[in-house]
Ligand code: FE
């Protein structure tokens, strides 16, 4: 009888440990997704709210890090003066003075408005180091490369669909 009870206890302990292990794993999985869902940013919406607010293409780029088709997007060749704000939260991102012709088919800037964007910093969190996202809502905008023009030498290659242009 005692042996059976001891065995039952062992099984219970094993089940408990397995539960803790599974719980830890699921927590880590959620933590990896936390930034893409906007946790930690000033402007936050639930995934469902983002789906309701954004068009399918905006959602695909801003919330799922998709990439639009080059030369067939709204602003790649836009030469008007004004500013570009985030299509997700209307945060100020870029001004036309820093836009340049890159030949890539995507709107390209050599700089951004102060506090407009931030770069991905940790591959373990699903960000590549050259990933560019909105500092206010975390929405994915595009990537930055070091083959841009002076004065920064940087090329912020941004999806039009992640932007709203406001003529000034
Ligand atoms: Fe934003």
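Numbering (our numbering), first residue to last: 283 to 450. Quick reminder that beta carbons are idealized off the backbone N, C-alpha and C, glycines included.
Once DSSP output is grouped into helix, strand and coil, what is the label at residue 365? strand
Which residue wins for smallest C-alpha separation from residue 415, given the options 428, 431, 391 and 440? Comparing C-alpha distances from residue 415 to each of 428, 431, 391 and 440 shows the shortest one belongs to 440.
My assumption, with CB atoms under 8 Å, is that residue 378 sits in contact with residue 362. Please give the rounded CB distance. Contact annotation, residue 378 with residue 362: C-beta distance approximately 7 Å; criterion of less than 8 Å satisfied.
Please tell me whether, using a cut-off of 6 Å, the distance from the CB of residue 418 to the nearest non-hydrogen atom of the ligand FE is below it. Yes, since a heavy atom of the ligand FE falls inside the 6 Å radius drawn around the Cβ of residue 418.
Could you work out which residue in 373, 410 and 329 is closest to residue 399 when comparing CA atoms only? 373
Which residue spans inside the segment 386 to 429 form an unbroken beta strand (DSSP E) run of at least 3? 399 to 401, 413 to 416 and 422 to 427
In or out: residue 386 buried (at least 16 other Cβ within 10 Å) or exposed? exposed
Output the boundary residues of the alpha helix (DSSP H) element that contains residue 438. Run containing residue 438: none in the alpha helix (DSSP H); it sits in the beta strand (DSSP E), 437 to 440.
Check whether the Cβ atoms of residue 364 and residue 448 sit closer than 7 Å, and answer yes or no. yes
Straight-line CA distance for residue 343 to residue 421? 8 Å
With a threshold of 6 Å, establish whether the CB of residue 373 neighbours any heavy atom of the ligand FE. Proximity of the beta carbon of residue 373 to the ligand FE is indicated: a heavy atom of the ligand is located closer than 6 Å.
Using 6 Å as the cut-off, classify the Cβ of residue 421 as near or not near the heavy atoms of the ligand FE, replying yes or no. Checking the 6 Å criterion, the Cβ of residue 421 is within range of a heavy atom belonging to the ligand FE.
Excluding sequence positions up to five away, which residues of its chain have a Cβ less than 8 Å from the Cβ of residue 380? Excluding positions up to five away in sequence, the list reads 391, 392, 393 and 394.
Terminal residues of the beta strand (DSSP E) in which residue 344 lies: Element bounds for residue 344: not the beta strand (DSSP E) but the alpha helix (DSSP H), 338 to 344.
Using C-beta distances below 6 Å, list every residue in its chain close to residue 347, excluding the 5 sequence neighbours before and after it, in chain order. The beta carbon of residue 347 sits closer than 6 Å to those of 422, all from its chain and outside the five residues before and after it, given in chain order.
Does DSSP classify residue 449 as helix, strand or coil? Three-state DSSP puts residue 449 in a strand.
Among the residues of its own chain, which have a CB less than 7 Å from the CB of residue 341, if the five just before and after it don't count? 332 and 333
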